[in-house]
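Numbering of the sequence shown is given in this note's numbering, commencing with residue 409 and proceeding in unit increments.
Comments concern the structure below.
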Amino acid sequence: MIKALDGLREVSAILGEYGIEDSHKEAEIIFTRCIEMGKVALYRDNPALSPSQREEIRSILERRGKREPLQYIIGHVDFYGLKIHVGPGVLIPRPETELMAEEAIKAVTRYTLHVTSEDANSSRVTHYASRILDLCTGSGCLAVALAKEFPAAEVFGTDISEKALEYAMMNASINGIQNVTFLKGDLYEPVKGGTFDIIVSNPPYIRKEDIRTLEPEIREWEPLEALDGGEDGLQFYREILSCAPEYLVQGGSLIMELGQGEADDVLKIAENSGLGCAALVKDYSGIDRILRLSLR
Ligand SMILES: C[S@@+](CC[C@H](N)C(=O)[O-])C[C@H]1O[C@@H](n2cnc3c(N)ncnc32)[C@H](O)[C@@H]1O
């Protein structure tokens with residue numbers, strides 16, 4: 409009979425040998441999932457592992473040994489209070505992108521207050537039918553979070569990847585969200601002729617030659633088209649910024665996630681875009697992570 413905490417120590421050591429950082433935390437995630445028990449109960453009750461639980465843990469370990477991301481194995485992540493399904497073919501939403509959701513919610517609220525000229529407590533903020541576009545939507549995490557926050561809004565998410573859009577649609581459905589539409593195509597192309605109050609985007613922003621230096625979980629498992637930002641990492645910012653004035657309403661905002669160290673270059677590109685009022689927001693590590701610009 410193997411007790412859970414003995415198994416946990418063993419799995420944590422094996423994950424460490426695989427070169428996985430935070431092996432103990434991962435082992436806890438694997439055990440709480442397989443035993444279907446919270447962390448407190450796991451440590452308090454230390455149950456014996458059943459043969460099927462041992463088999464499930466063994467199979468997860470085998471996949472982690474090939475450095476498949478734990479999120480793909482478990483099949484979902486928590487994002488801004490939502491359950492977001494992920495798997496091979498779609499980028500795993502990162503914690504810093506939750507900051508994007510926060511900034512976008514603030515921007516929609518600000519814009520709506522401006523349009524409706526009501527005070528901050530007005531229910532008209534949630535009921536104003538804003539139009540929101542999420543370029544490079546991937547799993548749809550941002551689009552779904554915004555659609556949930558603003559039930560009267562019309563939210564659109566575009567992506568070039570069929571697989572990513574399958575996940576995005578599933579994520580809208582499992583979260584009970586109906587005011588979001590996902591469209592396949594190159595950046596703005598699927599919404600040609602439309603205008604939006606807020607455009608958000610977390611585009612691919614890794615420099616091509618840096619991709620091979622990333623952790624195996626990223627470079628060998630996550631889709632290349634979700635990472636590759638071209639030779640200098642800035643290709644998508646150029647394209648998004650050059651068309652933004654055509655797709656934003658007057659006073660509307662563009663909010664983009666930035667790669668580490670890209671803020672100055674993106675601000676330079678933005679100088680000629682016709683957008684102004686730049687605001688940079690740092691992430692929890694102090695990196696300039698989010699850029700907000702508005703069409704004056
Ligand atoms: C960094 S991921 C962001 C995914 C998601 N928004 C998030 O924050 O987790 C970038 C996404 O851009 C998509 N993409 C790449 N090239 C594109 C293009 N030309 N037009 C639209 N989407 C594109 C990829 O398929 C990928 O899903």
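Each residue gets a CB set at the ideal place from its N, CA and C atoms; glycine is no exception.
Check	Outcome
Classify Leu632: buried if its beta carbon has 16 or more other beta carbons within 10 angstroms, exposed otherwise.	exposed
Using three-state DSSP, classify Gln658 as helix, strand or coil.	strand
Mind checking whether the beta-carbon of Asn583 lies closer than 7 Å to any heavy atom of ligand 1?	no
Return the first residue and the last residue of the alpha helix (DSSP H) that Arg452 is part of.	447 to 453
Mapping DSSP to helix, strand and coil, what is Ser702?	strand
Would you decide whether Gln479 is buried or exposed? Buried here means 16 or more other CB atoms lie within 10 Å of its CB.	buried
Of all the options Pro598, Glu623, Val563, Asn579, which has the alpha carbon lying nearest to the alpha carbon of Val608?	Val563
Output needed for Ile695: all residues of its chain with C-beta closer than 7 Å, excluding positions within five of it in sequence on either side, in chain order.	Gln668
Following the continuous beta strand (DSSP E) through Ser609, name the residue where it begins and the one where it ends.	604 to 609
Would you list the residues sitting across from Lys491 in a DSSP beta bridge?	Asp486
If contacts are defined as beta-carbon pairs under 8 Å, then Val498 and Lys571 qualify, I think. What distance do you get, rounded to the angstrom?	6 Å
Answer yes or no: do Leu701 and Gly684 have a C-beta to C-beta separation smaller than 8 Å?	yes
Determine the extent of the beta strand (DSSP E) in which Phe564 is found, giving its start and end residues.	562 to 567
Kindly list the residues whose CB is nearer than 7 Å to the CB of Gln461, restricted to its own chain and excluding five residues on each side of it in sequence; keep chain order.	Cys442, Ile443
Please go through the same chain and pick out, in chain order, the residues whose beta-carbon is closer than 8 Å to the beta-carbon of Ile582, but skip the five residues on each side of it.	Lys491, His493
Going by DSSP, what residue range makes up the beta strand (DSSP E) through Val689?	683 to 690
Taking only heavy atoms of ligand 1 into account, decide whether any of them is closer than 7 Å to the Cβ of Pro477.	no
Contact between the stretch 511 to 524 and the stretch 648 to 666 is defined here as three or more beta-carbon pairs at a separation below 8 Å; is this criterion met?	yes
Extract the residue ranges of the beta strand (DSSP E) inside the stretch 626 to 678, only unbroken runs of 3 or more that lie entirely within it.	656 to 665
For the alpha helix (DSSP H) containing Val523, name the first residue and the last one.	503 to 524
When DSSP labels each residue in this structure, what does Arg475 get in the three-state scheme?	coil
Can you tell me whether His430 is helix, strand or coil according to DSSP?	This sequence places Asp at residue 430; His is not what is there. Note: Asp430 maps to coil in three-state DSSP.
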